[in-house]
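Peer 1: Just dropping this structure here.
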Amino acid sequence: MTCFTCTSLLGRLPMETSDPILRRMPRGARPWAVLVGGVMCMVTFGIVYTCGNLLPYLVSYFRWKMYPDMHTGQLIWLQTLLSGLPMGMVIGGLFERSFGGRAGAFMGAIIYTFGVGATFYSIQHSYAATLLTMGGIASVGSSIAYSSILPTAQRWFPDNVGLAGGIIIGGYGCGAFILAPLQTTFINPLDYRVNDQGFFTQEDLLERVPYVFIVMAIFFTVFQSIGLIFIGQPDSDIMVETENLIGTNSEIRVEQARVWPQLRTTTFLVLFISLTCNATWVQLTSGLYKAYGQQFIDSDFFLSLIGSISSVFNAGSRVFWGAVADSTSYQFSMSIVCSMGAVLAFSLPLVKMIDNDVLFLATVCLIFSCIGGTFSIFPYITHKCFSKANFSVMYGFLQCAVSVAGLIAGLISTHALNKIGFENLFIVCGFFMIVSLCLTFIVHKTDLARLMVSAEREHEEEDGEYQVFQ
Numbered sequence: 010m011t012c013f014t015c016t017s018l019l020g021r022l023p024m025e026t027s028d029p030i031l032r033r034m035p036r037g038a039r040p041w042a043v044l045v046g047g048v049m050c051m052v053t054f055g056i057v058y059t060c061g062n063l064l065p066y067l068v069s070y071f072r073w074k075m076y077p078d079m080h081t082g083q084l085i086w087l088q089t090l091l092s093g094l095p096m097g098m099v100i101g102g103l104f105e106r107s108f109g110g111r112a113g114a115f116m117g118a119i120i121y122t123f124g125v126g127a128t129f130y131s132i133q134h135s136y137a138a139t140l141l142t143m144g145g146i147a148s149v150g151s152s153i154a155y156s157s158i159l160p161t162a163q164r165w166f167p168d169n170v171g172l173a174g175g176i177i178i179g180g181y182g183c184g185a186f187i188l189a190p191l192q193t194t195f196i197n198p199l200d201y202r203v204n205d206q207g208f209f210t211q212e213d214l215l216e217r218v219p220y221v222f223i224v225m226a227i228f229f230t231v232f233q234s235i236g237l238i239f240i241g242q243p244d245s246d247i248m249v250e251t252e253n254l255i256g257t258n259s260e261i262r263v264e265q266a267r268v269w270p271q272l273r274t275t276t277f278l279v280l281f282i283s284l285t286c287n288a289t290w291v292q293l294t295s296g297l298y299k300a301y302g303q304q305f306i307d308s309d310f311f312l313s314l315i316g317s318i319s320s321v322f323n324a325g326s327r328v329f330w331g332a333v334a335d336s337t338s339y340q341f342s343m344s345i346v347c348s349m350g351a352v353l354a355f356s357l358p359l360v361k362m363i364d365n366d367v368l369f370l371a372t373v374c375l376i377f378s379c380i381g382g383t384f385s386i387f388p389y390i391t392h393k394c395f396s397k398a399n400f401s402v403m404y405g406f407l408q409c410a411v412s413v414a415g416l417i418a419g420l421i422s423t424h425a426l427n428k429i430g431f432e433n434l435f436i437v438c439g440f441f442m443i444v445s446l447c448l449t450f451i452v453h454k455t456d457l458a459r460l461m462v463s464a465e466r467e468h469e470e471e472d473g474e475y476q477v478f479q
């Protein structure tokens, strides 16, 4: 059976489900209902991409309330924790495999929303308490929900894994489109400007900062309550039938391996280091762009608008890059993302020199397009290289690279930003993407990847369609 035939059959498989809600829907509507519900939930978990917008308010609040010497770079640790705690995604993947997508998403949503709401109290107490509620509790909750929703949606689209994953993760990236203007409108409705040091000092603005977390928690509860209704899974016997249809080549023999041997492969190592480099670039650029922009842009509303518009690029690019990876290869799509990311980071000092607001908007939007590409293509290659049954767990282990990247980004911003300045920091960012680009060029030489390439060559003379790396 050729891979083309397999793909066609996969596309025609009726998706049966025992889920009490989804089974009342027409068969053709079930996968799309899961996608809609997943996106609604994921929008609420994308608060990490509003850290760049929130950071100036938070550091100004802490300076006013309790830490007069706090500087911007210290707040990057909040984004580091929100990006994912070590093993948080693994725990979420194991929970999803044991109890199902909806149960995992429900548990994660409760923990996450509680952490955000509790930050109303913790931010008035100390920075450490804020890291615990917002960076710790909320991060664990979002990791569990993320690892539950993503694989659940992908199971409904077995022949369009990249596209389905891109849509779900696109919802995660689109959260800032709603949250960034919500935060700015609530905290700074009069469009106050920062002082010469780059901080807000207006007391009426600063007094509103803790209350924004209550507003966001209410918003999250509403969206999650609707989205969780549709997070159901197809029947396991259908999934077994699907795997049997395509389980005739070396890729499936690799997929049947256990988790521990897969973690020891050079393929996993190369992907882990590559994601670490990409995620370091992501956290530094997305977390500091607003603080950097405040050096030459006066309007806080315009900077908030940049965060909102760039989130659309973040979300749309995840769908776009997922589709590109499906139709081309991992190496082709990731090499473009890494090249663009390096060039954009190197160009940020030039943007400040030109001092053009629109050019800065365009640059940040393109940066967020590369961010979307990063977090759309890595789930795609994880799904292709490792076991589909173990995807949520393996991707959870791979996501530990984001925690490593957060540690690197936190150390750089805390200890180096004040010494080298934003311009040199962004140049350092660009080199992280260059390292990732080099790793992308050699990933097809790793052990699991060689087996995948061998499987491709078995079928390329017949259909030429099954390309993962080249």
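Taking the working numbering, I'd label the letters of the sequence shown as residues 10 to 479.
Don't be surprised by glycine CBs; every beta carbon is placed ideally from N, CA and C.
Leaving out the 5 sequence neighbours to the left and right, which residues in its chain are closer than 6 Å to Cys379 when beta-carbon positions are compared?
Peer 2: Looking up residue 379 in the sequence shown gives position 370. Taken in chain order, the residues that qualify are Val346, Met349 and Gly350.
Peer 1: Taking just the CA atoms, how far does Arg33 sit from Leu199?
Peer 2: Walking along the sequence shown from the start, residue 199 turns up at place 190. Walking along the sequence shown from the start, residue 33 turns up at place 24. Cα to Cα, Leu199 sits roughly 49 Å from Arg33.
Peer 1: Give me, in chain order, the residues of the same chain whose beta-carbon lies closer than 6 Å to that of Phe115; leave out the 5 immediate sequence neighbours on both sides.
Peer 2: On the sequence shown, residue 115 is found 106 positions in, with the first residue counted as 1. Cβ neighbours of Phe115 beyond the five flanking positions: Leu237.
Peer 1: In its own chain, which residues sit with a C-beta less than 6 Å from the C-beta of Ile178, not counting the 5 before and 5 after it?
Peer 2: As a working mapping, residue 178 is identified with position 169 in the sequence shown. The answer, listed in chain order, is Arg327, Phe384 and Ser385.
Peer 1: Quick check on the burial criterion: 16 or more other C-beta atoms within 10 angstroms. Buried or exposed for Trp73?
Peer 2: In the sequence shown, residue 73 corresponds to position 64, counting from 1. Buried.
Peer 1: Using three-state DSSP, classify Thr455 as helix, strand or coil.
Peer 2: The sequence position of residue 455 within the sequence shown is 446, counting from 1. Of the three classes helix, strand and coil, the one that applies to Thr455 here is coil, per DSSP.
Peer 1: Can you list, in chain order, the residues of its chain with a C-beta nearer than 6 Å to that of Val203? Leave out the 5 residues immediately preceding and following it.
Peer 2: Your numbering for residue 203 matches position 194 in the sequence shown. The answer, listed in chain order, is Phe209 and Gln303.
Peer 1: Compute the beta-carbon to beta-carbon distance between Leu44 and Ile235, rounded to the nearest angstrom, for a pair I have assumed lies under 8 Å.
Peer 2: Start at 1 with the first residue of the sequence shown, and residue 44 comes out as number 35. Start at 1 with the first residue of the sequence shown, and residue 235 comes out as number 226. Not confirmed; about 14 Å, so no contact.
Peer 1: Closest Cβ-Cβ distance between Gln233 and chain C: below 9 Å?
Peer 2: No chain C appears in the structure shown, which is made up of a single protein chain.
Peer 1: Beta-carbon within less than 7 Å of Gln88's beta-carbon, same chain only, minus the 5 sequence neighbours each way: which residues are those?
Peer 2: The residue you call residue 88 lines up with position 79 of the sequence shown. So the list reads Val57, Cys60, Gln292 and Gly296, once near-sequence residues are dropped.
Peer 1: Considering just the uninterrupted stretch of the alpha helix (DSSP H) at Asn399, what are its terminal residues?
Peer 2: Residue numbering aside, residue 399 sits at position 390 when the sequence shown is read from its first letter. Premise fails: Asn399 is in no alpha helix (DSSP H) and is neither H nor E.
Peer 1: Return helix, strand or coil for Ala189, following the three-state DSSP convention.
Peer 2: In the sequence shown, the residue the question calls residue 189 occupies position 180. Under the three-state reduction of DSSP, Ala189 is assigned to helix.
Peer 1: So, with DSSP's three-state summary, where would you put His424?
Peer 2: Here residue 424 refers to the residue found at position 415 of the sequence shown. DSSP places His424 in helix when its eight states are reduced to three.
Peer 1: According to DSSP, simplified to helix, strand and coil, what is Tyr76?
Peer 2: For the purposes of this step, residue 76 is taken as residue 67 along the sequence shown, with counting starting at 1. The answer is coil: DSSP assigns Tyr76 none of H, G, I, E or B.
Peer 1: Nearest to Ala147 by CA position, among Ser156, Gly180 and Leu90, is which residue?
Peer 2: Within the sequence shown, residue 147 is the residue found at index 138, counting from 1. Selected option, being the one with the closest Cα: Leu90.
Peer 1: The alpha helix (DSSP H) that contains Thr128, what's its start and end?
Peer 2: As a first step, residue 128 must be located in the sequence shown, where it is residue number 119. Where Thr128 is concerned, the enclosing alpha helix (DSSP H) stretches over Gly110 to Ser131.
Peer 1: Just the C-alpha distance for Val68 and Leu84, rounded to the nearest angstrom, thanks.
Peer 2: Here residue 68 corresponds to residue number 59 of the sequence shown, with the count starting at 1. Here residue 84 corresponds to residue number 75 of the sequence shown, with the count starting at 1. About 7 Å.
Peer 1: Nearest CA to the CA of Phe406: which residue from Ala38, Leu63 and Ile153?
Peer 2: Residue mapping note: residue 406 aligns to position 397 of the sequence shown, counting from 1. With distances taken between Cα atoms, Phe406 lies closest to Ile153.
Peer 1: Quick check: Gly37 and Tyr181, are their CB atoms within less than 9 Å of each other?
Peer 2: Position 28 of the sequence shown, counted from the first residue, corresponds to residue 37. Position 172 of the sequence shown, counted from the first residue, corresponds to residue 181. Not a contact, by the Cβ cut-off of 9 Å.
Peer 1: Exposed or buried, Asp309, counting other C-beta atoms within 10 Å across all chains shown (16 or more means buried)?
Peer 2: In the sequence shown, the residue the question calls residue 309 occupies position 300. Looking at its Cβ environment, which holds 16 or more other Cβ atoms inside 10 Å, Asp309 is buried.
Peer 1: Please return the same chain residues whose Cβ sits closer than 6 Å to the Cβ of Gln233, not counting the five positions on each side in sequence.
Peer 2: Within the sequence shown, the letter at position 224 stands for residue 233. If we look at Gln233 and ignore the five residues flanking it on each side, its Cβ neighbours are Cys50, Thr53 and Ala118.
Peer 1: Under a three-way DSSP split, which group does Ser152 fall into?
Peer 2: Here residue 152 refers to the residue found at position 143 of the sequence shown. Ser152 falls in the helix class under three-state DSSP.
Peer 1: Would you call the region 338–345 and the region 360–378 in contact, with 3 or more CB pairs under 8 Å?
Peer 2: no
Peer 1: Going by beta-carbon coordinates alone, are Ala371 and Thr285 separated by less than 9 Å?
Peer 2: If you number the sequence shown from 1, residue 371 lands on position 362. If you number the sequence shown from 1, residue 285 lands on position 276. Not a contact, by the Cβ cut-off of 9 Å.
Peer 1: Can you tell me the Cα-Cα spacing of Glu25 and Leu31, whole angstroms?
Peer 2: As a working note, residue 25 is residue 16 in the sequence shown. As a working note, residue 31 is residue 22 in the sequence shown. Taking the straight line from one Cα to the other gives about 9 Å.
Peer 1: According to DSSP, simplified to helix, strand and coil, what is Tyr220?
Peer 2: In the sequence shown, residue 220 corresponds to position 211, counting from 1. Judged by DSSP in its simplified three-state form, Tyr220 adopts helix.
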